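Below is one structure, written out as structure tokens; comments come after it.
Numbering (the working numbering), first residue to last: 27 to 403.
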């Protein structure tokens with residue numbers, strides 16, 4: 027009778043609500059507690075005052091798409107036609123939805139690495155397709171491409187990757203991307219590459235977008251987020267790039283799903299992206315926060331492999347307690363006042379791996395308070 031009768035409330039909503047109830051420091055949900063660039067806000071206000079308050083073009087403001095095209099070319103050496111191969115989305119989540127909706131049919135299979143962002147599986151299932159999960163193993167959470175090949179069937183339609191990976195923080199190497207390219211091309215699959223944290227890669231680890239490998243790019247949707255990138259998650263401003271064959275189908279879904287996206291914010295973003303330093307300087311900002319967070323935990327029983335990308339850090343707590351991760355996350359929130367995400371709720375197998383995920387996209391003051399509390403555990 028209903029499409030998703032067994033879908034529980036998001037763990038992100040649950041933990042954020044619990045944090046609010048107990049006035050805990052919220053390191054669970056992925057949003058900053060500091061403001062974005064005031065100049066960007068001023069640009070939005072100016073766009074409103076200049077009259078950009080009616081519908082934007084369905085695919086997005088052309089000037090904005092041109093800026094994205096130039097940015098992707100600069101970063102990855104990939105050329106996308108702003109007119110035919112780039113569409114602005116209502117956040118990256120809508121881009122992911124439209125990409126899946128445009129190609130998935132009943133009975134299809136989709137490869138997803140687990141743990142995973144929790145929107146993938148429900149959307150796959152909305153279209154009658156099935157998730158085939160492949161476990162990522164701690165502590166490094168690297169993909170096993172042999173396992174991918176072994177699980178391919180005649181029903182496999184798509185592979186979804188999240189690079190950098192939420193929640194694990196891993197970044198796919200060139201060897202990983204080349205292995206993925208071989209699989210996708212040889213088996214004529216589609217790739218959905220969720221790259222919302224592409225501007226948050228640390229320690230000079232190279233980042234390889236799906237766009238940067240020409241043969242892979244021909245079969246890929248690439249979704250990204252400016253809300254995440256520029257510290258304004260509530261703006262819900264994302265985009266998708268794909269070759270024209272795929273983008274034509276994507277836009278058919280987008281037109282009847284959202285039609286268009288906030289017009290003045292697009293105008294503002296187009297101007298803001300004129301200066302590449304707006305995104306080139308982001309890794310240093312978040313690496314400093316990651317390092318501050320981990321340094322503050324050195325004397326505790328938590329252990330960690332420093333995250334390579336995203337603004338999340340997963341911590342192994344098994345030297346501290348044998349509690350399951352859900353019980354510990356709830357206890358930390360209620361009794362100690364720091365909220366996190368239990369990893370098992372993001373794992374498609376429900377594995378108890380002994381990890382919690384923490385968001386370090388916070389003011390230094392906030393991180394300092396959280397670290398002091400965690401040191402008391």
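Ideal placement from N, C-alpha and C gives every residue a C-beta, glycine not left out.
These numbers were taken from a predicted model, which means no experiment stands behind them.
Under the DSSP assignment, residue 139 falls in the beta strand (DSSP E) whose first and last residues are 135–140. For residue 364 against residue 50, the beta-carbon gap comes to about 6 Å, under 8 Å, which counts as contact. Here the alpha carbons of residue 277 and residue 132 stand approximately 21 Å from one another. A residue is called buried when at least 16 other Cβ atoms come within 10 angstroms of its Cβ; residue 381 meets this threshold and is buried.
Note: residue 384 is bridge-paired with 339 in the DSSP secondary-structure output. Counting along the chain, residue 66 sits inside the alpha helix (DSSP H) bounded by residues 64–75. Excluding five sequence positions before and after residue 341, the CB atoms of its chain that fall closer than 6 Å to its own CB belong to 328, 330, 382, given in chain order. Between the region 253–263 and the region 30–39 there are fewer than three inter-stretch CB-CB distances shorter than 8 Å, so the stretches are not counted as touching. A direct Cα-Cα distance of roughly 13 Å separates residue 301 from residue 308. For residue 218, the closest C-alpha among the options 375, 125, 351 is that of 125. Collapsing the DSSP output to three states places residue 81 in coil. When secondary structure is reduced to three states using DSSP, residue 283 falls in the helix class. Taken in chain order, the whole alpha helix (DSSP H) runs of length 4 or more contained in the region 238–294 are 240–243, 252–255, 270–283. In chain order, 263, 264, 295 place their CB closer than 7 Å to the CB of residue 252, counting only its own chain and leaving out the 5 sequence neighbours on each side. The secondary-structure analysis by DSSP pairs residue 220 across a beta bridge with 188, 249. Segment contact: the region 75–88 against the region 110–119, three or more CB-CB distances shorter than 8 Å; contact assigned.
384 is the residue among 238, 55, 384, 44 whose C-alpha sits nearest the C-alpha of residue 338. For residue 174 against residue 160, the beta-carbon gap comes to about 6 Å, under 8 Å, which counts as contact. Put simply, the backbone Cα of residue 31 is about 37 Å away from that of residue 61.
With respect to residue 198, residue 137 sits apart: the two C-beta atoms are not nearer than 8 Å. For residue 161, DSSP records a beta bridge to 140. Here residue 182 is bridged, per DSSP, to 135. If you look at residue 209, you'll find it in the alpha helix (DSSP H) that goes 200–212.
Residue pairing for residue 367: DSSP places it in a beta bridge opposite 383. Residue 33 sits in coil when the DSSP states are folded into three classes, being neither helix nor strand. Within the DSSP secondary-structure output, residue 227 pairs in a beta bridge with 335.
The C-beta distance from residue 115 to residue 266 rounds to 6 Å, short enough to meet the 8 Å contact threshold. Per DSSP, the continuous alpha helix (DSSP H) segment holding residue 175 begins and ends at 171–177.
The beta-bridge partner set that DSSP reports for residue 392 is empty. The Cβ-Cβ distance between residue 374 and residue 147 falls below 8 Å. DSSP places residue 401 within a helical segment (H, G or I) once states are collapsed to three. With contacts defined by Cβ atoms closer than 8 Å, residue 237 and residue 248 form a contacting pair.
Here the alpha carbons of residue 401 and residue 319 stand approximately 11 Å from one another.
For residue 52, the three-state secondary structure derived from DSSP is strand.
When C-alpha distances from residue 119 are compared across 71, 222, 321, 74, the shortest belongs to 222. A check of alpha carbon separations from residue 134 across 123, 185, 90 identifies 185 as the nearest.
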